[in-house]
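Chains as they are written, first to last, in the numbering used here: chain A, 1 to 319; chain B, 320 to 584.
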Amino acid sequence: MSSILVIAEHRRGELRPVSLELVAAANELRAAGEQVVVGLIGKNAHAFVAAVSKEGVDEIATVTAPVEDFDPDVSEEAVRALIAQYSPSLVLIPHSVDSYGYVAVLAAKDQLGLATDVYKIAREEGGWVATRGGYGQKVAVELDFPGRSCVCLAVRSGSYKPNEAAASPTVTAVDVPALQARSTPLDYIEVSAGGDVDITTVPFIMSVGRGLGDEANLPRFKELAEQVGATLCCSRPIADSGWLPKSRQVGQSGKTASACKLYIAMGISGAIQHLAGMKHVETIIAVNTDPQASIFNVAKYGIVGDIFEVADALEQEFS
Amino acid sequence: MKILIAIKQAIALDEDFEIRADGRDIEEDFFLPDLNEWDEYSLEEAMLIKERHADTPVEVVCVTIAPDSADEALRKCLAKGADRAIRVWDESMEGSDPVAIARALAAVAKKEAPDLFFAGVQSSDHAHGATGIAVAGFLGWAHSAVVARLDYTPGAKEVALKRELEGGLSQELRLPCPAVLTIQLGINKPRYASLRGMKLAAAKPIETLAPGDIGLATNDCGESGSLARVRRMYVPEKQRAQILAGDVAAQAKALAAIIREATGS
Ligand SMILES: Cc1cc2nc3c(=O)[nH]c(=O)nc-3n(C[C@H](O)[C@H](O)[C@H](O)COP(=O)(O)OP(=O)(O)OC[C@H]3O[C@@H](n4cnc5c(N)ncnc54)[C@H](O)[C@@H]3O)c2cc1C
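Written out as structure tokens, the structure is:
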């Protein structure tokens, strides 16, 4: 029987929410009679069975790994074994730092169709069609996979609404004897606010990006943020340069502006990893000289203009 | 000891760009090429290893799979201190996806036999995040993606590194060598090329190879060597922000009103 395989992702004992988004995607894409199988890989894979027992899942396949933490070789070999067992035409994997580490290796070795950071999937007569962004997300790129009977897609989180309704799928333990990790995991390290403000809790953020240009321009934005009552945050290049602490970086590898209601993005282009931390905010205002900047796709209001001129004028409004 | 670095001339798009007649790419006239931002960091990381271990000679070699328009990116790397630059190309490579590019990079790696292979986490244009790691597949080497710190002594059997994860988390780990690593932004502070460096780079040769020279057959390259094919490119319909009209004073007034309403101040 044909199937769609979803690879669930977990870290430090918790299922990552994108896993359930992929379950929903698989369920939406399945043809009549097609099975949706969720693959769980881990030292204690069974622990996640309840968390992925959702409507639309026919079977959960657990693979017991020799290591607790993610290892690219273990994931590669385990997914290979799951593909051999279930012959899926489509494998859905979260587009994440973990999958960055092994999906392309698996696809290259086994010559499977491959696309990453996919946000739309369609099924056509000729096979699967995946859509992703190109040229800094300025265009959409449609890919197909001629001659590939199995296609692996790494799917961007937030592309599908998670399936929350519980169900009781069959659980099968898949034995993969040859699993061996080459990496030796040591410690996890967390960026802490360390006495500074916790940006996940603040309601109003003004964020500066590379448009700031120079560290010497930072103080006036600090003052402006204070004047309007906002917490000053930033995109990655500003934190990487050490101009603001890493704990103030908004985005995928930084923090999510979880409690934010108003977000002013100053000189930020709107890269997908930045959006991951703020696109949910109710009122986003973007100031950017480039009228085509992607930040305007998520902003409610936009100013096409220079952040320094806007900062000057805004300062006058509040003085 | 040798470090091989994958380099890409990445493309930004000029305003008002147009889709190519066949609908599968953008007209080249609108391309604004530059060295991929991530590659600045992987080159710098290799240069730091070279400079920190002056007792062991470390050769830093850059390689790109691209037509001669990418020579500029390689020259930039040479100007920053890379020892050699290699470019592989012929028409059969047109239409290569990240995996076809990776196969060619791996073929160069087999020839050059480096101790470490670096690539950027992704490229600033298409952001596949796949090319560098796929090289590890073709070589069978240990690998790690999104490396945000690296400790390596030339000749060592292992590297110690920090892998950047999501949400401000990272993980330290060790990996056996040789290894393929994809390097993340912020791992170091990339240097600028000096005037002297640029002069020296202009005189250095770029070694050019054809796929056949590195043992690739025609069907290893281009679309036949790829796992995906671009069928169509288009500008998606998007929800756009409401653009605040008027001069900057009027825009600031409107912005202030939005702020006051949202904050109730
Ligand atoms: C695994 C991974 C994780 C990442 N995590 C994060 C993350 O957590 N957070 C994050 O932010 N990024 C993250 N990134 C990086 C991300 O891809 C982008 O590189 C980054 O967000 C770009 O920041 P930016 O928008 O400030 O800079 P740019 O993309 O360079 O944009 C600068 C913008 O400023 C505008 N501008 C310039 N001058 C002016 C002016 N005077 N007035 C007005 N506008 C001006 C320009 O038009 C441009 O749009 C991550 C990347 C990867 C691969």
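For each residue, glycine too, the CB sits at the ideal point set by N, CA and C.
Nearest-angstrom Cα distance between Val-466/B and Ile-502/B? Ile-502/B has its alpha-carbon roughly 5 Å from the corresponding atom of Val-466/B.
Which ranges does the alpha helix (DSSP H) cover as unbroken runs of at least 4 residues, wholly within the segment 508 to 552 of chain B, from first to last along the chain? Complete alpha helix (DSSP H) runs here, min 4: 514 to 522.
Could you spell out the range, first to last residue, of the beta strand (DSSP E) harbouring Tyr-119/A? Per DSSP, Tyr-119/A belongs to the beta strand (DSSP E) from 113 to 124.
To be precise: take each residue of the segment 114 to 140 of chain A, compare its Cβ to all Cβ atoms of chain B, and keep it if any distance is under 9 Å. Which residues remain? Listed by position along the chain: Leu-114, Ala-115, Thr-116, Asp-117, Val-129, Ala-130, Thr-131, Arg-132, Gly-133, Gly-134, Tyr-135, Gly-136, Gln-137, Lys-138, Val-139, Ala-140.
Against chain B, does Ile-93/A count as a neighbour if the rule is that its beta carbon must be under 9 Å from one of theirs? Judged by the 9 Å Cβ criterion, Ile-93/A is not in contact with chain B.
Alpha-carbon spacing of Ala-536/B relative to Asp-444/B, whole angstroms: Going by the C-alpha atoms only, they are around 28 Å apart.
Measuring CB to CB, does Lys-120/A end up less than 9 Å from Ser-294/A? No, the Cβ-Cβ distance between Lys-120/A and Ser-294/A is not below 9 Å.
Identify every residue that forms a DSSP beta bridge with Asn-288/A. Bridge partners of Asn-288/A: Val-304/A.
Using a Cβ-Cβ distance cut-off of 9 Å, determine whether Pro-177/A contacts chain B. Contact of Pro-177/A with chain B is not assigned, every C-beta pair being separated by 9 Å or more.
I need the boundaries of the beta strand (DSSP E) containing Gly-127/A, first residue and last residue. Looking at the DSSP string, the run of the beta strand (DSSP E) that includes Gly-127/A is 127 to 134.
By DSSP, does Asp-390/B sit in helix, in strand, or in coil? Helix, per DSSP.
So what does DSSP say about Ala-467/B, is it helix, strand or coil? If DSSP states are grouped into helix, strand and coil, Ala-467/B belongs with the strands.
Return yes when the Cβ of Asp-98/A is within less than 9 Å of the Cβ of Ser-183/A, no when it is not. Pairing Ser-183/A with Asp-98/A gives a Cβ-Cβ distance that is not under 9 Å.
Would the beta-carbon of Ile-4/A fall within 9 Å of that of Ala-26/A? Ile-4/A is a Cβ neighbour of Ala-26/A, given a cutoff of 9 Å.
Please identify, using Cβ separations under 7 Å, the residues of the segment 566 to 583 of chain B that lie next to chain D, in order along the chain. Protein chains A and B are contained in the structure displayed, whereas chain D is not.
Please give the ranges of any alpha helix (DSSP H) in the segment 361 to 428 of chain B, keeping only runs that are unbroken, at least 4 residues long and fully inside the region. As far as the segment 361 to 428 of chain B is concerned, its whole alpha helix (DSSP H) runs of at least 4 residues are 390 to 398.
Going by Cα to Cα distance, which pick from Arg-510/B, Ala-455/B, Ile-384/B is closest to Ile-533/B? Ranked by Cα distance from Ile-533/B, the first of Arg-510/B, Ala-455/B, Ile-384/B is Ile-384/B.
Please compile the residues from chain B whose C-beta is within a distance smaller than 7 Å of the C-beta of Asn-297/A. Per Cβ cutoff of 7 Å: Lys-557, Gln-558, Arg-559.
By alpha-carbon positions, which one of Ala-461/B, Gly-486/B, Leu-484/B ends up nearest to Val-293/B? Outside the displayed range of chain B (320 to 584) lies residue 293/B, so it cannot be described from this structure.
Pair within 9 Å by beta-carbon distance, Pro-497/B and Ala-104/A: Between Pro-497/B and Ala-104/A, the C-beta gap is not smaller than 9 Å, which leaves the two residues out of contact.
Along chain B, which residues have their Cβ under 7 Å away from the Cβ of Ile-268/A? At a beta-carbon threshold of 7 Å, none of the residues of chain B lie near Ile-268/A; the nearest stands roughly 13 Å away.
Enumerate, from N- to C-terminal direction, the unbroken alpha helix (DSSP H) stretches of 4 or more residues contained entirely within the segment 22 to 72 of chain A. Listed in chain order, they are 49 to 52.
Sequence-distant residues of its chain with Cβ nearer than 8 Å to Gln-85/A (five each side left out): Same-chain partners within the cutoff: Ala-61, Val-174.
Arg-579/B, enclosing alpha helix (DSSP H) - first and last residue: Taken as a continuous stretch (DSSP letters only), the alpha helix (DSSP H) holding Arg-579/B covers 567 to 582.
Helix, strand or coil: which one does DSSP assign to Ala-104/A? Judged by DSSP in its simplified three-state form, Ala-104/A adopts helix.
Give, in chain order, every unbroken run of the beta strand (DSSP E) that is at least 3 residues long and sits entirely within the segment 198 to 245 of chain A. Qualifying beta strand (DSSP E) stretches, in chain order: 204 to 208, 231 to 234.
Let me confirm a value: Ser-157/A is counted as buried when at least 16 other C-beta atoms fall within 10 Å, else exposed. Which label applies? Around the CB of Ser-157/A, 16 or more other CB atoms lie within 10 Å, so the residue is classed as buried.
Could you run through the segment 386 to 409 of chain B and flag, in chain order, every residue whose CB is less than 8 Å away from some CB of chain A? For the segment 386 to 409 of chain B, which is checked against every Cβ of chain A, not one residue is closer than 8 Å.
Using only the heavy atoms of ligand 1, determine whether one of them is closer than 8 Å to the beta carbon of Ser-463/B. No, ligand 1 has no heavy atom inside 8 Å of this Cβ.
Could you check if Pro-417/B belongs to the surroundings of ligand 1, using beta carbon to heavy atom distance under 8 Å? Outside the cutoff, so no.
If Leu-114/A sits next to Ala-521/B, beta carbons under 8 Å apart, how far is it from one beta carbon to the other, in whole angstroms? In fact, because the Cβ distance is near 39 Å, the residues do not count as touching under 8 Å.
Sorry if obvious, but does the Cβ on Arg-210/A come closer than 8 Å to a heavy atom of ligand 1? Checking the Cβ of Arg-210/A against ligand 1 gives yes.
Keeping to the same chain, check which residues put their C-beta closer than 6 Å to that of Pro-162/A; ignore five residues upstream and five downstream. Here the set comprises Leu-20, Glu-21, Ala-24.
Alpha-carbon to alpha-carbon, Val-129/A and Leu-143/A: Distance between the alpha carbons of Leu-143/A and Val-129/A is about 6 Å.
Distance cut-off 8 Å: Asp-214/A Cβ against heavy atoms of ligand 1: Relative to ligand 1, the beta carbon of Asp-214/A is positioned no closer than 8 Å to any heavy atom.
If we ignore side chains and look at the alpha-carbon of each, how far apart do Val-191/A and Thr-172/A end up? Each residue's alpha carbon lies about 38 Å from the other.
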